[in-house]
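Asks: Pasting a structure here, questions to come.
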Amino acid sequence: MPSAPPRHSIAGASVQPRQQYDQWRGSAASRGYDRRWQKCRRSFLAAHPLCLFCYEQGRLTPANEVDHILTIKERPDLRLDWSNLRPLCKPCHSARTARDQRGSPAG
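Be aware that the sequence shown starts at 1, since it is given in full-length UniProt numbering, and climbs by one per residue.
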């Protein structure tokens, strides 16, 4: 069985980049994804089983993620409000998140 390629570290770096990123962004609970969110998410996906973006393009793709239209950072009071949620598949949610992080117009 082949072994993993060796990891090269930056001089003086004691923590891997992924670990640094995880420490920077905090835990899921500290970002608003607690037990109440999990219950809301489960209920929302049961009621809205298809990806909204795919459906608008004529594709029937199961939704497995819930997107906040206005981010939790922008409107924490709407975190559990169904009117601020939309069901998305993983690829659509990843694309939406990437656009948000680049500062592109919402879609």
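In this text, a Cβ means the ideal position worked out from N, Cα and C, and glycines have one as well.
Less than 8 Å between the CB atoms is what I'm expecting for Pro87 and Cys40, so what's the real figure, rounded?
Replies: Position 87 of the sequence shown, counted from the first residue, corresponds to residue 87. Position 40 of the sequence shown, counted from the first residue, corresponds to residue 40. Between Cys40 and Pro87 the Cβ distance is about 12 Å, and since that is not below 8 Å, they are no contact.
Asks: When the Cα of Asp34 is compared with those of Leu85, Arg79 and Gly58, which residue comes out closest?
Replies: For the purposes of this step, residue 34 is taken as residue 34 along the sequence shown, with counting starting at 1. When each option's Cα is compared against that of Asp34, the closest is Arg79.
Asks: Please report the Cβ distance between Leu85 and Phe44, rounded to the nearest whole angstrom; I am assuming they are in contact, meaning their Cβ atoms lie under 8 Å.
Replies: As a first step, residue 85 is located in the sequence shown; it is residue number 85 there, counting from the start. As a first step, residue 44 is located in the sequence shown; it is residue number 44 there, counting from the start. Yes, Leu85 and Phe44 are in contact; Cβ-Cβ is about 6 Å, under 8 Å.
Asks: Excluding the 5 residues preceding and the 5 following Leu60 in the sequence, name in chain order all residues of the same chain whose CB lies nearer than 8 Å to its CB.
Replies: The residue labelled residue 60 in the question sits at position 60 within the sequence shown. Correct list, in chain order: Leu50 and Cys54.
Asks: Assign Ala47 to buried or exposed, taking buried as 16 or more other Cβ atoms, counted over all protein chains shown, within 10 Å of its Cβ.
Replies: The residue given as residue 47 occupies position 47 in the sequence shown. Label assigned to Ala47: exposed.
Asks: Taking Asn64 and Cys92 to be in contact with their CB atoms under 8 Å, please state how far apart those CB atoms are, rounded to whole angstroms.
Replies: One-based indexing of the sequence shown puts residue 64 at position 64. One-based indexing of the sequence shown puts residue 92 at position 92. Not a contact, Cβ separation roughly 10 Å.
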